[in-house]
Structure formats: structure tokens, C-alpha cells
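In the working numbering, the protein residues as written are 1 to 465. The beta carbon of each residue, even a glycine, is placed where N, CA and C say it ideally should be. None of the values given here were measured: they were computed from a predicted structure. Here is the structure we will look at.
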Ligand code: PNW
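As C-alpha cells, this is what we get:
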């Protein structure tokens, strides 16, 4: 597990997202997003937390640029808040919002750090949700217009443009289980959202090719590693169904040029997929310079007979709605520990498997780890030291898993730790801390955790000790 050495060219980075760190939710002309609305709705987030202030990064970005530089990172992955730069989701752009990202990008370049910009990390302008949101086709066209505005403004100062972060979450958690904004529980709408997110990806990808030909194009997917509870045909079929919904619903159109036939068949009782128009799949299949992969934990499933008690590890069987549209015959099993503070199991071997699968199925497609990391309860010592040995251990084991996949041929070009800073962890508010830098939410003071010092050494040497 130790002794891995990464080449000098391997990219070490850290990642954040606009709504999770920026705050300044009503400043300088920023419009309202679905996450503002959702987090301000009583009962939606833990402790009623909102991103109104978050890590106050909008005001403290210069200090945060200093941390990025001090960590010695090669790249920084951030997201652009759509309602900050185009408040109503269509029409006029907001100069002050664009200027903020322009200063951020220039600040990165001055420090020799590659800017990796995500166009969409879940903060849809509320006006567009009011007009139907991702289940309606027009939202994809609005996204194309937004993409053109930001690519025109930032162009190829941005090294890598990433269209979407985890469209799986936007579609299924936003429109099927409702645990993310906008909090809708409409299975057919969730599948329409899948398609319009894919379509928007293709449209925006073409914008990048045209307006910033020197920039790299990517998308970030949270791909699932799904294991069967047994080797039975029924359990293996449960894996196939979940793989179709979670992975191939995105990989299919993006990298193979078509939706998988089994996905359409499995969900036929939910929707007839008539929202897929002739030519859409061709638009979606814009070639990618790099495929971004987010990985945290693995999934264990079995076939469910509809009678025996459900194990409930994934929201199935509870009164809450399921994200797994049309997969009522699948049960999600609790995994063996240990777990992170999210209750997610720790399974670095699955990370290697995932990367090798992608290498096998998409040979020649470069890969980038755009998120990996863990929430734990950090220990603040009397002298101010922040002990997070479990995070260091998690990162070491997962980065070793990346090294293992590389050794077996996977073309993984870099790794971004989630996250640079503690931040607003969506439905879990400020309760769950993923940062390698601690944020004191009373004072906004940033303090490096042990993991930050550890990661700094790794980025400097490329040696996994
Ligand atoms: C990702 N799930 O979110 C996001 O890209 C980050 O914004 C987030 O902070 C990070 O992972 C940690 O959660 C996910 O329920 C949220 O499967 C939920 C799920 C997966 C990823």
C-alpha cells in the first residue's frame, strides 16, 4: 500500500463548489437558485442550515488562493454559480458576478495553478425551476446560452471546462427522492431530467469547442460500483438494473452515442422516453478530453421479492421516495464497515475496480479523479492542532487504489481531494466536514488539518508514504 510514486506530470488538486463555500447569497446582483429556496424551506436541511454565508469564500477568495498556493497544488476545481453570473437563468449577464470568477481565475494563474471550472454544481436559477426545471427541454437550451456567456468571459484562461458535476444527483436526488433541491418526487420527471442534463452537456460541450478551442472539455460523473449480494442470476440482474440507472444512463449517450436498450426497457412503465428527439444522442456524444470521476463508497444490492422485509440501506422501503426509478425489485443492503461520518462504507478496492472498468470499456479515454474524500469528526487539540488521522488514512488508501489502477493500465491523470475547505454539505448542512482545511463558522478562520500537511507533502513529492 505504501511506496507508490506518481509521475511529475500527475495533477494534484482540490475541489469545491460555489453554493457550498461562497456565501454572499444576495450580494452584487446574484439571483436566487433552487438551493437557496430549498435550504430556506423548513425541514429540508439538517438544523435548517443554508448557504447564505457558508465559508464566506466570495469575500475571502484571496486568502483561499493563498492556501491553494501554499498547499502546492497544480490545479483547483471550483464551480461557477449560474444565478451569480446570469441571475434569471436567461438574458442579461451580471458583470459583477463574471468579474468575481475572472479575478479567481487570474489569481490561480498568477500562482501557477490550473483553473478547472465546473459550469453546473447544482445551483439552477429558481426562475428556470419555476418554468419546469431539468425535466423540461428548454432548460438545456438556457444552459447552452449560459455556457456561451461564461466561456466567452473566461475563455481559455480556464484550463479545463467541466459541464456538469454529478448529473445523477441533480436528476434522481432532485426530482425522484427529493433529498436535494428542488425536492420533487416525480419518477418520470427524474428520467426526463437525466436526458435534459445529458443534452445540456452536449450543447455546452460544443460551445467550449467553438469558443475556447484550446481548453480541455470534461464532465464529472459519480459512478457507482455495485456488487451483488450473491452470485444468483436474480442478484446479478439487480446489479445490471442499478448500473443502467446510475452509470450507463450517462456513460451510454456521452461515450457510446446512445442510451442503453435495457435502461429504456426497465423504465418503460415510468416513461416512454419520448423526450429524446432524433439527433439528441449525437449532440450528447461530444468527445471528451477527460472524464471526471467522483468516488466515495460502494453499493451492495440484491433482488427483492416484494414480500420479505427490505434492508433499507438506500432509502428504499422507508416512507421517503427512492432515487432508483423503476427498480422497485431491488434491495440495497447495509455494507460492512468501517464508515465515514456520512455513514458511507470505506471500500478503496471498489475504486480500483471502477477505474479498471472504465479503462476496459473506454480504452484511450483519459480519466481524472475530480472528487474523493471523507467526512469525519475532527479532533481539535488544546494547542489548536486538528487531528484527522482517519481522513489521512482514507486518502492514503484511496490514492493507493488510484496508483493500483494506474499500474494496471488505467490512464488516470490527476486527483482532486474533496474538499479544500469544510463547507455546506447540502442536506447535512455544516454538520459534516469534508475539508482538509478546517473552517470555524463563527470566525471564518481557516486552520490546516493534519491531512492538509500530509497532502502538501504528497503534492510536492508524488510519493505516497
Ligand atoms: C458529492 N449520494 O455529492 C458532491 O459533488 C459534493 O458537492 C459533495 O459535497 C460531496 O460529494 C460529498 O457528499 C454527493 O447520495 C452527494 O450518493 C450525495 C451522493 C453522492 C455524492
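Presumed contact (8 Å Cβ cut-off) between residue i and residue j, rounded CB distance
{"i": "residue 18", "j": "residue 80", "result": "6 Å"}
{"i": "residue 293", "j": "residue 195", "result": "Going by Cβ atoms, the distance from residue 293 to residue 195 rounds to 22 Å, so no, they are not a contact pair."}
{"i": "residue 286", "j": "residue 390", "result": "Not quite, the Cβ-Cβ distance comes to about 40 Å (not below 8 Å), so this is no contact."}
{"i": "residue 444", "j": "residue 60", "result": "7 Å"}
{"i": "residue 336", "j": "residue 413", "result": "In fact, because the Cβ distance is near 32 Å, the residues do not count as touching under 8 Å."}
{"i": "residue 291", "j": "residue 208", "result": "The pair is not a contact, with the Cβ atoms about 15 Å apart (cut-off 8 Å)."}
Run of the alpha helix (DSSP H) containing residue i, from where it starts to where it stops
{"i": "residue 292", "result": "First-last for residue 292: 290 to 294, but that is the beta strand (DSSP E), not the alpha helix (DSSP H)."}
{"i": "residue 107", "result": "95 to 110"}
{"i": "residue 284", "result": "280 to 284"}
{"i": "residue 394", "result": "389 to 407"}
{"i": "residue 39", "result": "34 to 39"}
Separation of residue j from residue i, as counted between CA atoms
{"i": "residue 62", "j": "residue 427", "result": "28 Å"}
{"i": "residue 398", "j": "residue 87", "result": "39 Å"}
{"i": "residue 319", "j": "residue 182", "result": "Reliability fails at residue 319, whose pLDDT of 48 lies under 50, so the model's placement of it is uncertain and no value is given."}
{"i": "residue 448", "j": "residue 423", "result": "14 Å"}
{"i": "residue 204", "j": "residue 364", "result": "23 Å"}
{"i": "residue 96", "j": "residue 83", "result": "12 Å"}
{"i": "residue 213", "j": "residue 156", "result": "8 Å"}
{"i": "residue 283", "j": "residue 353", "result": "30 Å"}
{"i": "residue 442", "j": "residue 430", "result": "12 Å"}
{"i": "residue 327", "j": "residue 180", "result": "20 Å"}
{"i": "residue 415", "j": "residue 298", "result": "19 Å"}
{"i": "residue 75", "j": "residue 306", "result": "48 Å"}
Reference residue i; option with closest CA among the options
{"i": "residue 288", "options": "48, 202, 297 and 75", "result": "202"}
{"i": "residue 113", "options": "23, 12 and 84", "result": "12"}
{"i": "residue 78", "options": "65, 70, 90 and 71", "result": "65"}
{"i": "residue 249", "options": "311, 236 and 263", "result": "263"}
{"i": "residue 215", "options": "184, 158, 228 and 237", "result": "158"}
{"i": "residue 185", "options": "323, 310, 382 and 297", "result": "323"}
{"i": "residue 436", "options": "407, 393, 402 and 406", "result": "393"}
{"i": "residue 146", "options": "47, 166, 94 and 187", "result": "94"}
{"i": "residue 234", "options": "60, 331 and 381", "result": "331"}
{"i": "residue 152", "options": "101, 140 and 129", "result": "101"}
{"i": "residue 163", "options": "105, 129, 138 and 254", "result": "254"}
Limits of the beta strand (DSSP E) - the one that residue i falls within
{"i": "residue 367", "result": "367 to 371"}
{"i": "residue 331", "result": "330 to 332"}
{"i": "residue 227", "result": "226 to 228"}
{"i": "residue 14", "result": "11 to 15"}
{"i": "residue 79", "result": "75 to 79"}
{"i": "residue 300", "result": "299 to 303"}
Close beta carbons around residue i, own chain, < 6 Å, minus the five adjacent residues each side
{"i": "residue 55", "result": "21, 421, 423 and 439"}
{"i": "residue 107", "result": "65"}
{"i": "residue 16", "result": "78, 419 and 420"}
{"i": "residue 172", "result": "190 and 323"}
Proximal residues to residue i (C-beta, below 7 Å), its chain only, five neighbours per side dropped
{"i": "residue 170", "result": "122, 134, 193 and 197"}
{"i": "residue 8", "result": "462"}
CB contact below 8 Å: residue i versus chain C
{"i": "residue 95", "result": "Of the protein chains in the structure, only one exists, and it is not chain C."}
8 Å CB neighbourhood of residue i in its chain, flanking five on each side removed
{"i": "residue 333", "result": "229, 300, 301, 302, 311 and 313"}
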